[in-house]
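Number of protein chains: 2
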Amino acid sequence: MSRRIEPYNHQEKPILVVISGPSGVGKDMAIARLKEMGYPFHFVVTATTRPQRPTEINGVDYIFVSTGEFAEMIEQGELLEYAVVYGDYKGIPKAQVRQALTSGKDVIMRIDVQGAATIRRLVPEAVLIYISAESEEALVNRLRQRKTEPEDQLKMRIATARQELKRLDLFDYVVINADDKLDETCHKIAAIITAEKCRVEQREINL
Amino acid sequence: MSRRIEPYNHQEKPILVVISGPSGVGKDMAIARLKEMGYPFHFVVTATTRPQRPTEINGVDYIFVSTGEFAEMIEQGELLEYAVVYGDYKGIPKAQVRQALTSGKDVIMRIDVQGAATIRRLVPEAVLIYISAESEEALVNRLRQRKTEPEDQLKMRIATARQELKRLDLFDYVVINADDKLDETCHKIAAIITAEKCRVEQREINL
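Chains as they are written, first to last, in the working numbering: chain A, 61 to 267; chain B, 61 to 267.
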């Protein structure tokens, strides 16, 4: 599963990074900012059955599919992982990840905590990062400001966030995404990836 | 030895970083550059019996002591670790490290591979970074350019570097310090420290 690094003439292996955390914490914003910063990652585009938001672009932010199309992807074994998240299906297209890794690119995927647990089991060599708000109040405020969910769904999301915190031991790293500190958050994510690529024991990923 | 991080209101613990690697690889230059970059670390000043080089400042680059003074430090248990390196004694003053950690500062120490092995045993929570040249030829060239050692000592240093590479499994990270890439090396060391401070399992150091 792992190999010794050769300090002379060594070749770095691409790594698989999972960005997770509660709804509203800023995972999408962090990934968008990392893209802007020009890191040469492959950002996995998740397939989802949830309705497209006005600001979102199909094929860039998500691959928006119907429930029937999603069922077909499950049937064909095309998804590395999938789950029902707040009534909508979300899944990671396996071929996309495999192609990126084969081409030598690091892969970043955004995934909920339930999905992160699945990835930990399927791909133990993945690097799992949990993005947290600085406090529960801050998380609640951000969810209210987003105004994309009705109040009862919002309560569900807060209850879920509380439960998910108990799964923190699944993760390798936790990064606090404080209000107005998105650049610091992205700097920390980038540092984690740089550090992981310097590890003596490198992770060999087999999907 | 380790504790769970609390994402809300958590306090980061200071970490202990060991920078090691072969003679001539650029450990001193990397540490000097990190200092210039203004990272708020405590850089441990090693005590040594080796002669002061013209460019070195006593108390800043090393604490230069006589063999008698060094023997007294050993006697009094004042050294965390010490060793004979190419005929000269080098040691880490324990009080200096303890004071820095107590004040909440991260500590960086420069140490030879033999000493790094001792630190790994005494302080398993330390983060060990091995600095490597990009090739043996590059290392030999740098040692020759430095012109601080006679040819037979140079041969000894190269033989030692070869042996030390076999101890790479002692270390957590390896950073290649290629010619003219000192800033990249320092960026990687800083990234490793940033990442380690985000680890879910934080390291509690007891000296």
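Where a beta carbon is used, it is the ideal one built from N, C-alpha and C, also for glycine.
Bear in mind that the values here come from a model prediction, so they are computed numbers and not experimental data.
- prompt: At what residues does the alpha helix (DSSP H) containing MET133/A begin and finish?
  reply: Taken as a continuous stretch (DSSP letters only), the alpha helix (DSSP H) holding MET133/A covers 127–135.
message: For a cutoff of 8 angstroms on Cβ pairs, would you count SER195/B as touching chain A?
response: Yes, SER195/B lies at the interface with chain A (some Cβ there is under 8 angstroms from its Cβ).
- prompt: For LYS95/B, which residues from the same chain have a beta carbon less than 7 angstroms from its beta carbon, with the 5 sequence-adjacent residues on both sides left out?
  reply: For LYS95/B, where only same-chain residues beyond five positions count, the Cβ hits under 7 angstroms are PHE103.
- prompt: Any Cβ of chain A within less than 8 angstroms of the Cβ of ILE75/B?
  reply: No - not a single Cβ of chain A is within 8 angstroms of the one on ILE75/B.
message: Just verifying my parser: in three-state terms, what is the DSSP assignment at LYS73/B?
response: It is coil, neither helix nor strand.
task: Check whether the Cβ of THR254/B lies closer than 8 angstroms to any Cβ atom in chain A.
output: Yes - at least one Cβ of chain A is within 8 angstroms of the one on THR254/B.
task: Within 10 angstroms of the Cβ of LEU267/A, are there 16 or more other Cβ atoms? Answer buried if so, exposed if not.
output: Around the beta carbon of LEU267/A, fewer than 16 other beta carbons lie within 10 angstroms, which makes this residue exposed.
message: Using CA atoms only, rank isn't needed, just tell me which of ILE79/A, PHE130/A and LYS150/A is closest to VAL235/A.
response: Of the candidates ILE79/A, PHE130/A and LYS150/A, the one whose C-alpha sits nearest the C-alpha of VAL235/A is ILE79/A.
Simplified DSSP state of THR106/B, which is helix, strand or coil: Here THR106/B sits in coil by DSSP.
task: Using the Cα positions of ILE218/B and VAL200/B, report the straight-line distance between them to the nearest angstrom.
output: Cα-Cα distance, rounded: 7 angstroms.
message: I need the straight-line Cα distance from LEU188/A to VAL105/B, nearest angstrom please.
response: If you take the alpha carbons of LEU188/A and VAL105/B, they lie about 36 angstroms apart.
message: Could you compute how far the alpha carbon of GLN262/A sits from the alpha carbon of MET169/B?
response: Rounded to the nearest whole angstrom, the C-alpha separation of GLN262/A and MET169/B is 25 angstroms.
- request: Indicate whether at least one CB of chain C lies closer than 8 angstroms to the CB of LYS248/A.
  value: No chain C is present in this structure, whose protein chains are A and B.
- prompt: Does TYR233/A come within less than 8 angstroms of chain B when only Cβ atoms are used?
  reply: So, interface residue.
query: Whose CA, out of GLU132/B, ALA107/B and LYS207/B, lies closest to the CA of PHE124/B?
result: PHE124/B has its Cα closest to that of ALA107/B, out of GLU132/B, ALA107/B and LYS207/B.
- request: Kindly indicate which three-state DSSP category LEU140/B falls into: helix, strand or coil?
  value: When DSSP states are grouped into helix, strand and coil, LEU140/B belongs to the strand group.
message: Could you give the first and the last residue of the continuous alpha helix (DSSP H) run that contains MET97/B?
response: Looking at the DSSP string, MET97/B is not in any alpha helix (DSSP H), and its letter there is neither H nor E.
message: Please give me, in chain order, every unbroken run of the beta strand (DSSP E) with length at least 3 that falls completely inside the stretch 203–234 of chain B.
response: Counting only runs of at least 3 residues, the stretch 203–234 of chain B fully encloses no beta strand (DSSP E) element at all.
- prompt: Could you give the residue range of the alpha helix (DSSP H) that holds LEU242/A?
  reply: Counting along the chain, the alpha helix (DSSP H) containing LEU242/A begins and ends at 242–257.
message: Less than 8 angstroms between the beta carbons of THR220/B and PRO82/B, yes or no?
response: Cβ atoms of THR220/B and PRO82/B: closer than 8 angstroms.
- prompt: Counting along the chain, where does the beta strand (DSSP E) carrying GLY175/B start and finish?
  reply: It is not in any beta strand (DSSP E) - GLY175/B instead sits in the alpha helix (DSSP H) that spans 173–182.
message: Can you pull the chain A neighbours of ALA251/B, defined as C-beta to C-beta under 7 angstroms?
response: Neighbours of ALA251/B on chain A, chain order: ALA251, THR254 and ALA255.
message: Once DSSP output is grouped into helix, strand and coil, what is the label at LEU188/A?
response: DSSP places LEU188/A in strand when its eight states are reduced to three.
- prompt: Would you call the stretch 169–184 of chain A and the stretch 143–156 of chain A touching, i.e. three or more CB-CB distances under 8 angstroms?
  reply: Yes, the stretch 169–184 of chain A is in contact with the stretch 143–156 of chain A.
- prompt: Just to confirm, are VAL183/A and PHE101/A a CB contact at a threshold of 8 angstroms?
  reply: No, these two residues do not count as a Cβ contact at 8 angstroms.
message: Using only the alpha-carbon positions, how far apart do GLU209/A and TYR122/A sit?
response: Between GLU209/A and TYR122/A, the C-alpha separation is close to 18 angstroms.
- request: Please state if the CB of ILE191/A and the CB of GLU141/A are separated by a distance shorter than 8 angstroms.
  value: In this structure, GLU141/A keeps its C-beta atom at 8 angstroms or more from the C-beta atom of ILE191/A.
message: On the DSSP bridge list, what partners appear for ASP148/B?
response: In DSSP, ASP148/B forms a bridge with VAL145/B.
message: Helix, strand or coil for ASN237/A? Go by DSSP, reduced to three states.
response: When secondary structure is reduced to three states using DSSP, ASN237/A falls in the coil class, being assigned neither helix nor strand.
message: Given this structure, state the Cα-to-Cα distance separating ARG158/A from GLY84/A, to the nearest angstrom.
response: Counting only the Cα atoms, GLY84/A lies some 29 angstroms from ARG158/A.
task: Taking all protein chains shown into account, decide if ASN118/A is buried (16 or more other Cβ within 10 angstroms of its Cβ) or exposed.
output: In summary, ASN118/A is exposed, with fewer than 16 beta-carbon neighbours lying within 10 Å of its beta-carbon over all protein chains present.
Boundaries of the beta strand (DSSP E) in which VAL120/B is found, first to last residue: Here VAL120/B belongs to no beta strand (DSSP E), and DSSP marks it neither H nor E.
message: Less than 8 angstroms between the C-beta atoms of THR115/B and THR127/B, yes or no?
response: No, Cβ-Cβ distance for THR115/B and THR127/B is not below 8 angstroms.
task: Buried or exposed for GLU197/B, please, with buried defined as at least 16 other CB atoms from any protein chain shown within 10 angstroms of its CB.
output: Classification for GLU197/B: exposed.
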